[in-house]
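Numbering (the numbering used here), first residue to last: 386 to 564. Every residue, glycine too, gets a C-beta built ideally from N, C-alpha and C. Have a look at the structure below, then the notes.
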Amino acid sequence: MHIHIFWDSLSPPGLQVPVTRKISSIIGVPATVSDNPVRMMGYVEGRKQIDAKVLLDGIHAYKRRHFMKEPLLLVVQQDLFKNGNSFVFGLARQSIGAAVVSTARLSNEYYGRDGNDDDLIDRITKEGTHEVGHLLGLGHCNNKECIMFKPDTLDELDRKKKMLCQTCREQLAGALLED
Ligand SMILES: [Zn+2]
Ligand SMILES: [Zn+2]
Numbered sequence: 386m387h388i389h390i391f392w393d394s395l396s397p398p399g400l401q402v403p404v405t406r407k408i409s410s411i412i413g414v415p416a417t418v419s420d421n422p423v424r425m426m427g428y429v430e431g432r433k434q435i436d437a438k439v440l441l442d443g444i445h446a447y448k449r450r451h452f453m454k455e456p457l458l459l460v461v462q463q464d465l466f467k468n469g470n471s472f473v474f475g476l477a478r479q480s481i482g483a484a485v486v487s488t489a490r491l492s493n494e495y496y497g498r499d500g501n502d503d504d505l506i507d508r509i510t511k512e513g514t515h516e517v518g519h520l521l522g523l524g525h526c527n528n529k530e531c532i533m534f535k536p537d538t539l540d541e542l543d544r545k546k547k548m549l550c551q552t553c554r555e556q557l558a559g560a561l562l563e564d
């Protein structure tokens, strides 16, 4: 098992290595990061957002062309939405082993506060690990400190710790054993 992370050229530069290391250490699976080769799809001019489901379709096509079976996480800068939600921090589709997260709403600047790389690294790590957790079979968790809790706001995201709760950890260990 190995996790691939693709970092889009517009995503915050210089953070890909620390984020990748942290995601790898929380999940306990090796991870590598490279520049994103997937063509960006799904941009909706009227909303200035990307339709996350269309983008996942594009990742799926890329994975098939390159015979990539392992989990793939794409980190993009553009804001994401999906049908019925004004925005999403990220979206995973377990059936194709692909997920996407957006850094758009993870920076302090977005909320009119001073920028801070450590905050941004922490948030991308939490969101990225959350989506990778879905790819490895984990569902949402009620524990507000657990990575697998679904945050609706930045405060809820910040309240989470960079770790899985005991229950999710055990479930993940079981899933990785079966693999
Ligand atoms: Zn989720
Ligand atoms: Zn949990």
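Around the beta-carbon of Q556, 16 or more other beta-carbon atoms lie within 10 Å, marking it buried.
N421 has its CB no nearer than 7 angstroms to any heavy atom of ligand 2.
Just measuring C-alpha positions, the residue of T538, K529, E541 and D537 sitting nearest Q551 is K529. By the neighbour-count criterion, in which a residue is buried when 16 or more other Cβ atoms sit within 10 angstroms of its Cβ, T538 is exposed. In terms of Cα proximity to S487, the closest of L441, C553 and A446 is L441.
Assignment of N493 by DSSP, reduced to helix, strand and coil, places it in the helix class. Look at T538: its beta carbon is at least 7 angstroms from all of the heavy atoms in ligand 2. The closest heavy atom of ligand 2 lies 7 angstroms or more from the beta carbon of M548. Judged by pairs of C-beta atoms under 8 angstroms, the stretch 457-464 touches the stretch 484-503, as three or more such pairs exist.
Taking the Cα positions, C553 is about 32 angstroms away from E494.
Under the three-state reduction of DSSP, K467 is assigned to strand.
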